[in-house]
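Order-wise, the sequence lines are chains A and B.
Counting from 25, one number per residue, gives the positions in the first sequence under our numbering.
Counting from 17, one number per residue, gives the positions in the second sequence under our numbering.
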Amino acid sequence: MRYGFTAPLAAILVVGCANTTTAEAPSSASGSAAKPAKVSFNENPYPSTYKVYPGQPTAIRNVTIFDGEGGQIDNGVVFFTDGKITSVGDASTAIPADVMVIDGTGKFVTPGIIDIHSHLGNYPSPGVQANSDGNEVTGPVTADVWAEHSVWPQDPGFSRALANGGITSLQVLPGSANLFGGRSVTLKNVPARTMQAMKFPGAPYGLKMACGENPKRVYGSRNQKPGSRMGNLALNRQTWARAAEYKARWDEYEKKGGTPPARDIGMDTLKGALEGKIQIHNHCYRADEMAIVIDMAKEFGYTVSTFHHAVESYKIADLLKDNGICSAVWADWWGFKMESYDGIPENAAIIQNAGACTIIHSDDQNQIQRLNQEAAKALGDGRRMGFTISDATAISWLTYNPAKAMGIGDKTGSLKPGKMADVVLWNANPLSVYARPEKVWIDGAMMYDANDPRRRPVSDFELGQPGEGDTK
Amino acid sequence: MTKALLFVSAAATLFAAPAAAQTIAITGGKVVIGDGSAPIEGGTVVLRDGKVVAAGAGVAVPAGAQVVDAAGRWVTPGLFAGFSRIGLVEVEAVRETNDSSANTGDFSAAIDVAPAINAKVTPIAVNRAAGITRAVVAPEAPASIFAGMGALIDLGDDYNAVTKARAFQFVELGETGSSKAGGSRASAFLEFRNGLIEARALAVGQRGVAAHPHDALLNRQDAAALLPVVNGEIRLLVHVERAADILNVIKLREEFPALKLVLVGVSEGWLVANQIAAAGVPVIASALNDLPSDFEKTAATQSNIGRMKQAGVTIAIGMIDDSDAHKLHYSPQYAGNLVALQRVPGATGLSWDQAFAAITSGPAQAMGVDAMLGSLKPGRQGDVVIWDGDPLELSSAPVAVMIDGVQQPLGNRQAKLRDRYRTPQEGALPKAYER
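What follows is the structure, given as structure tokens:
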């Protein structure tokens with residue numbers, strides 16, 4: 025049965041070579057003369073239906089530019105057309121006639137802000153139990169669940185993140201109750217009727233994993249493994265060992281044909297991670313645990329993209345740099361649980377100063393509206409230590425670095441010609457508490473304009489409620 | 017940077033003598049009184065015996081005063097956290113270190129947080145270094161709408177944290193109160209009325225006319241604790257969020273006219289701002305709630321405080337359900353955000369002066385102690401912070417903090433971790449040998 029195919033299962037398989045939806049059930053007899061068509065499965069069964077909204081060629085001039093990769097241009101020009109960045113440069117940059125020209129005197133431009141760690145949509149507002157869809161708390165290994173299947177696109181949090189935070193892309197992750205929490209989804213921050221209409225085209229999936237207190241507490245309290253940190257690792261390793269076997273069976277099948285392995289939805293995700301197609305996003309606070317996870321990754325042959333909530337990264341910034349792993353951190357959260365007890369506000373700055381990849385994340389429906397301010401606090405604390413960190417570098421913590429870590433750095437995250445025109449015009453330096461987004465473009469379409477109430481999305485949930493359409 | 021370090025070391029030397037009993041003049045700084053008035057360039061602040069003598073422009077430096085040169089700095093009153101649980105918690109999720117509530121205890125309204133406050137929990141030192149000098153500390157509601165009696169504290173580096181014990185009773189109405197009262201707001205309001213009625217009955221009993229009622233729901237201690245509330249001798253802080261609940265709380269004064277109400281939370285306050293103003297009830301509000309995170313906050317907006325202020329409500333910023341034991345240092349950031357709203361079309365923010373008052377004299381007013389705390393007006397306690405920049409700006413930090421005129425240490429456990437791991441690599445010996 026394990027290797028057999030039931031007819032309904034076969035029917036949903038796609039024959040890779042023929043690109044048809046009717047799969048010929050392979051013969052189970054080994055050594056049969058006619059080689060059966062190979063089966064493969066659709067790796068993208070819930071595809072993005074996102075479409076670029078209409079925009080118009082736009083140039084912003086006389087503006088201070090943070091390009092998202094650590095560059096700053098004073099009195100510069102950003103020009104975008106057909107949804108893409110066309111040119112970025114100094115005041116001499118050519119601006120065609122007949123395009124919309126915005127005078128950015130006294131203002132600042134950054135790439136769209138990207139939150140690598142969000143639960144908008146799967147822990148939406150209102151946060152009632154009926155809407156609580158972020159954790160599949162029914163077993164410590166739920167690599168089979170996909171966060172996208174929980175995302176409620178009517179979460180009012182999306183529009184707050186857009187209007188107050190300039191968020192243009194975000195990764196929605198499963199929660200941290202489980203060791204293997206499931207797949208993440210990357211969204212463009214546009215209002216939509218369906219999750220798929222928000223889905224970032226071509227973004228790789230992520231796999232959420234969790235270290236430490238949460239899994240052992242949730243399952244230990246049920247007298248179930250894991251009930252300790254060693255239990256966490258034991259179950260992690262056993263699961264990776266199974267994933268390696270699963271992958272080996274499929275590799276063998278790809279090479280030699282025969283009977284295809286039975287489909288395991290969770291193992292598909294882990295196989296994708298072992299193949300490097302799925303980024304690992306690992307919730308992990310403590311330095312010592314991160315070091316163990318790094319070695320576990322080496323043991324099973326995968327790589328960690330990013331440690332999330334990494335409040336102790338500052339203790340091992342050298343190790344993280346050597347292994348090319350990003351740290352996604354808050355500016356100053358600490359003390360709320362034992363594994364956050366050693367959090368310090370200089371964490372991001374020490375990571376940066378050691379040359380490791382630094383990201384500021386939110387994990388919060390409020391702080392996603394102020395990631396720029398969180399970066400500013402971390403920057404200030406770093407400078408008070410005597411570190412030299414530029415404003416432009418601090419902006420890269422919210423733009424290019426998360427984009428790279430999410431596997432979309434070639435498409436967005438910086439203002440480079442050819443990339444998506446995800447752009448924020450700020451009414452002051454975004455590292456000031458007094459700054460707010462004035463306009464936000466996503467793929468060159470103006471999705472928010474502080475001066476135009478009609479460019480302010482109102483979710484279905486908010487219609488007819490007190491405060492509908494307020495500036496919020 | 018060099019200048020700042022020089023200043024700090026100079027200040028440290030200057031303040032090395034016990035400052036409380038001396039006269040100190042802080043000169044040349046940009047002085048903010050904290051009462052909503054505009055900053056004063058080149059002002060002087062004079063402290064004597066731990067209290068403010070004078071602050072402003074043209075204030076003479078008394079003979080023999082220790083002079084602190086604050087040129088290029090901002091000089092302000094210490095920040096006053098409008099609502100918190102600081103001092104009650106070391107690590108929130110570590111039950112043994114968290115004294116904010118007693119869910120299985122026998123008491124409710126009689127609970128007094130004062131003996132549970134530990135001035136040496138790490139959040140006190142961390143928030144002191146961020147310029148917080150005073151805080152409203154409330155218990156969390158146990159299995160009752162009556163949370164107990166909160167305190168006003170200072171964040172000084174000593175064991176005498178409590179400025180005023182039993183400063184107020186804290187009550188949960190609204191959604192949280194509903195869950196404590198068995199599941200409905202109707203039940204929560206009944207529990208509230210019953211508590212006050214039993215308190216009155218006990219008062220009668222104390223005069224020898226009647227005993228504590230036999231069918232009382234509150235034990236004698238809890239009922240007794242509500243007596244000064246019903247008599248208006250101590251403040252009653254009530255946490256509510258939705259507009260209808262706010263109006264119902266105000267209405268309670270029809271039955272209990274002496275209640276000294278203060279509203280806490282109040283995310284939908286702007287919808288009934290005129291009624292709050294007319295009732296003369298001060299508000300300690302969450303600053304930036306703008307999501308319908310619960311159904312009782314569907315109208316939440318960051319313009320809430322600005323609109324209430326415009327309607328004439330006395331406002332203060334507090335951390336309600338918001339990192340209230342660890343991150344009171346968010347309050348200047350929140351205040352700065354309210355200033356930023358002034359430039360967002362359709363939003364209502366605060367002026368810088370109003371915003372700064374909302375984290376200094378505002379909480380003092382709400383708690384009825386503004387004659388003693390919360391500003392640099394003459395006669396107030398000498399809580400002074402000298403900043404390296406605009407105190408609401410994200411890049412700024414205190415360079416000196418005084419509480420009751422005593423200069424405070426700015427070091428803390430976080431700073432020690434920072435210094436140890438400035439370069440993460442280990443040296444000749446493990447990190448454990450570096451301190």
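Virtual Cβ for every residue (Gly too), placed ideally from N, Cα, C.
Since the model is a prediction, treat every value here as computed from it, not as a measurement.
Give the straight-line distance between the Cα atoms of residue i and residue j, rounded to the nearest whole angstrom.
i: B:V77; j: A:G367; result: 43 Å
i: B:K432; j: A:D292; result: 46 Å
i: B:G80; j: B:F99; result: 39 Å
i: B:A73; j: B:G44; result: 9 Å
i: B:I140; j: B:D420; result: 16 Å
i: B:T330; j: B:L366; result: 13 Å
i: A:P148; j: B:D115; result: 30 Å
i: B:G52; j: B:V299; result: 16 Å
i: A:D388; j: B:H230; result: 49 Å
i: B:A42; j: B:V401; result: What sits at residue 42 of chain B in the sequence shown is Ile, not Ala. Between B:I42 and B:V401, the C-alpha separation is close to 11 Å.
i: A:E299; j: B:W286; result: 54 Å
i: A:G468; j: A:F104; result: 7 Å
i: A:K280; j: A:A286; result: 16 Å
Mind checking whether residue i and residue j have CB atoms under 9 Å apart?
i: B:I321; j: B:A301; result: yes
i: B:D399; j: B:I102; result: no
i: A:I191; j: A:A429; result: no
i: B:T149; j: B:V385; result: no
i: B:R129; j: B:M383; result: Going by the sequence as given, residue 129 of chain B is Val instead of Arg. No, these two residues do not count as a Cβ contact at 9 Å.
i: A:N396; j: A:K131; result: no
i: A:G172; j: A:R207; result: Note on identity: in this sequence residue 172 of chain A is Glu, with Gly being the wrong assignment. Yes, these two residues count as a Cβ contact at 9 Å.
i: B:V254; j: B:V187; result: yes
i: B:K343; j: B:M335; result: yes
i: A:S351; j: A:A341; result: yes
i: B:G390; j: B:G50; result: yes
i: B:E452; j: B:S283; result: Residue 452 of chain B lies beyond the range of chain B shown here (17 to 451); nothing can be said about it.
i: A:C235; j: A:E336; result: no
i: B:A240; j: B:A126; result: yes
Check whether the Cβ of residue i sits closer than 8 Å to any heavy atom of the ligand MG, and report yes or no.
i: A:I340; result: Ligands in the displayed structure: none, and consequently the ligand MG is not present.
So, helix, strand or coil for residue i, using DSSP?
i: B:E106; result: coil
i: A:V209; result: strand
i: A:I375; result: helix
i: A:N86; result: strand
i: B:L277; result: strand
i: B:Q93; result: Just to set this straight, residue 93 of chain B is Pro in the shown sequence, not Gln. DSSP places B:P93 in strand when its eight states are reduced to three.
i: A:Q389; result: coil
i: A:K301; result: coil
i: A:I316; result: helix
i: B:M383; result: coil
i: B:Q430; result: helix
i: A:T46; result: Because the pLDDT at A:T46 is just 37, under 50, the model does not fix this residue reliably, and the value given afterwards should be weighed accordingly. Looking at A:T46 - three-state DSSP - the assignment turns out to be coil, as it is neither helix nor strand.
i: A:D12; result: Only positions 25 to 496 of chain A appear in this structure, which leaves residue 12 of chain A out of reach.
i: A:E492; result: coil
i: B:L22; result: In this prediction, B:L22 scores a pLDDT of 34, lower than 50, which makes its location untrustworthy; the coordinate-derived value is nonetheless stated afterwards. In this structure, B:L22 counts as helix in the three-state DSSP scheme.
i: B:W286; result: helix
i: A:F485; result: helix
With a cut-off of 9 Å, does the C-beta of residue i fall near any C-beta of chain E?
i: A:T88; result: In the displayed structure, chain E is absent; the protein chains listed are A and B.
In the segment 453-469 of chain A, which residues sit with their C-beta less than 8 Å from some C-beta in chain B, listed in chain order?
L455, S456, V457, Y458, A459 and R460
- In chain order, which continuous runs of the alpha helix (DSSP H) of length 4 or greater are located wholly inside the segment 395-452 of chain A? 395-408, 415-420 and 424-429
_Complete runs of the beta strand (DSSP E) confined to the segment 164-235 of chain B [at least 3 residues]_ = 178-188
(message) Suppose only complete runs of 3+ residues qualify. What are the beta strand (DSSP E) ranges in the segment 200-252 of chain A, listed by chain order?
(response) 204-207, 209-212 and 230-234
Which residues, taken in chain order from the segment 107-126 of chain B, show a beta carbon closer than 7 Å to some beta carbon of chain A?
V107, E108, A109 and V110
Taking beta-carbon pairs under 9 Å, can you tell me which members of the segment 313-334 of chain B lie near chain A?
K313, T314, A315, A316, T317, Q318 and S319
Problem - Chain-ordered residues of the segment 334-352 of chain A with a beta carbon less than 7 Å from chain B - result: Y338, K339, I340, A341 and D342
task = Please name the residues in the segment 263-281 of chain A whose beta-carbon is closer than 8 Å to at least one beta-carbon of chain B, in chain order.
result = none
| If you scan the segment 298-373 of chain B from start to end, which runs of the beta strand (DSSP E) of 3 or more residues do you find wholly inside it? | 299-301 and 331-333
Taking a Cβ distance cut-off of 8 Å, strictly less, list which residues of the segment 369-387 of chain B are near chain A, in chain order. none
Practice prompt. For the segment 171-190 of chain B, enumerate the residues whose C-beta is nearer than 7 Å to any C-beta of chain A, in chain order.
Written response: none
Fill in: Chain-ordered residues of the segment 470-481 of chain A with a beta carbon less than 7 Å from chain B
A474, N475 and P477
Quick one: which residues of the segment 198-219 of chain B get their C-beta closer than 9 Å to a C-beta of chain A? List them in chain order. none
- Message: Using a Cβ-Cβ cutoff of 8 Å, what residues of the segment 417-433 of chain A are near chain B? List them in chain order.
- Response: none
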